[in-house]
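Trainee:
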């Protein structure tokens, strides 16, 4: 065998031996796929950017209402991490064994507000039992997330019922597929009032807060996070840990979220 032929065979063998390492590297570099509540869009996007800058690892974010996201995970969508806007949908998956229970944590908190378009004549609204919310709406509708599947909608309905205002406006609801859909209706002037999170109102300069719902009128808003049980992405746990690191919590707090101590 000539020297040239032996050299070519050696190079070929080396190339074959290196293939598993290449495939392994690609598998390890797979982005972490995060299914997250729509209200986290801006802040979580910034956190993902800082995570990549610090670690070199990429995160892919998919935003929607928590209910539909949970249903997608139940249907075997390839998510690695789930961040819900309430405990209900995290419990829904946890009870079915679809989350890694050891990774379930309370990540963030929020508050519920009533908003109006920025140029609306409506200013401060005295949200309390007996307030004529229907009269303030007039012929318009109250924008709100879908009250059975969107956490902000569920919180909003509960708050209205607690204040004994729901019956007067139940036929005036414009229910959106997410809290951001409700926000958009008010932002575009298509609804005179809407119920969203304080962080959503802060993220859109086209709306203003006209009232904050009493904290006692709805359950504490908790955003839990967990690794999806079916995930094989080794970076999922690392990203969950990063969400609780000082840089990430500072970003969330700047957006108006509260962080459990």
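Residue numbers (mature numbering (1 follows the signal peptide of the UniProt record, and there is no 0)): -27 to -1, 1 to 234.
We treat Cβ as the ideally placed atom computed from N, Cα and C, and that holds for glycine.
Determine the direct distance from the alpha carbon of residue 170 to that of residue 129, and round the result to whole angstroms.
Mentor: Here the question's residue 129 lines up with position 156 in the chain shown. Here the question's residue 170 lines up with position 197 in the chain shown. If I take the Cα positions, the gap works out to 10 Å.
Trainee: In the DSSP output, what is residue 148 paired with across the bridge?
Mentor: If you number the chain shown from 1, residue 148 lands on position 175. Answer by DSSP bridge pairing, in chain order: 117.
Trainee: If you drop the 5 nearest sequence neighbours on each side, which residues of the same chain put their C-beta closer than 8 Å to that of residue 127?
Mentor: Your numbering for residue 127 matches position 154 in the chain shown. These residues qualify, in order along the chain: 59, 61, 118, 120, 121.
Trainee: Is DSSP giving residue 14 helix, strand or coil here?
Mentor: As a first step, residue 14 is located in the chain shown; it is residue number 41 there, counting from the start. Residue 14: helix per DSSP, three-state reduction.
Trainee: Would you call residue 105 buried or exposed, if buried means 16 or more other Cβ atoms sit within 10 Å of its Cβ?
Mentor: What you label residue 105 is simply residue 132 of the chain shown in a count that begins at 1. Exposed: under 16 other Cβ atoms inside 10 Å.
Trainee: DSSP on residue 191, reduced to helix/strand/coil?
Mentor: Start at 1 with the first residue of the chain shown, and residue 191 comes out as number 218. Here residue 191 sits in coil by DSSP.
Trainee: Report the rounded CA-to-CA distance for residue 63 versus residue 197, giving the unit in angstroms.
Mentor: In the chain shown, the residue the question calls residue 63 occupies position 90. In the chain shown, the residue the question calls residue 197 occupies position 224. For residue 63 and residue 197, the distance between alpha carbons rounds to 7 Å.
Trainee: Thinking just about the alpha-carbon of each residue, which of 231, 206, 188 is nearest to the one in residue 51?
Mentor: Taking the first residue of the chain shown as position 1, residue 51 is located at position 78. It is 206 whose Cα lies nearest to the Cα of residue 51.
Trainee: Is the CB of residue 139 under 9 Å away from at least one CB in chain D?
Mentor: Note that chain D does not occur in the displayed structure, where there is just one protein chain.
Trainee: For residue 65, collect the residues of the same chain with a Cβ closer than 6 Å to its Cβ; drop the 5 residues on either side in sequence, then sort them by chain order.
Mentor: One-based indexing of the chain shown puts residue 65 at position 92. Excluding positions up to five away in sequence, the list reads 43.
Trainee: Quick check: what's the CA-CA separation for residue 88 versus residue 147?
Mentor: By one-based count along the chain shown, residue 88 stands at place 115. By one-based count along the chain shown, residue 147 stands at place 174. Each residue's Cα considered, the two are about 14 Å apart.
Trainee: Going by the DSSP bridge assignment, what does residue 166 pair with across the sheet?
Mentor: Working through the chain shown from its first residue, we reach residue 166 at position 193. Note: residue 166 sits in a beta bridge opposite 115.
Trainee: Can you tell me where the beta strand (DSSP E) with residue 33 in it begins and where it stops?
Mentor: Translated into the one-based positions of the chain shown, residue 33 becomes position 60. Here the beta strand (DSSP E) through residue 33 covers 32 to 37.
Trainee: Are three or more beta carbon pairs between the stretch 88 to 104 and the stretch 173 to 187 nearer than 8 Å?
Mentor: The stretch 88 to 104 is in contact with the stretch 173 to 187.
Trainee: Hey, residue 7 and residue 208 are a contact pair by Cβ (cut 8 Å); roughly how many whole angstroms apart?
Mentor: Mapped onto the chain shown, residue 7 falls at position 34. Mapped onto the chain shown, residue 208 falls at position 235. That pair is no contact at about 11 Å.
Trainee: Determine whether the beta carbon atoms of residue 17 and residue 56 lie at a separation below 9 Å.
Mentor: As a working note, residue 17 is residue 44 in the chain shown. As a working note, residue 56 is residue 83 in the chain shown. Yes. Within cutoff.
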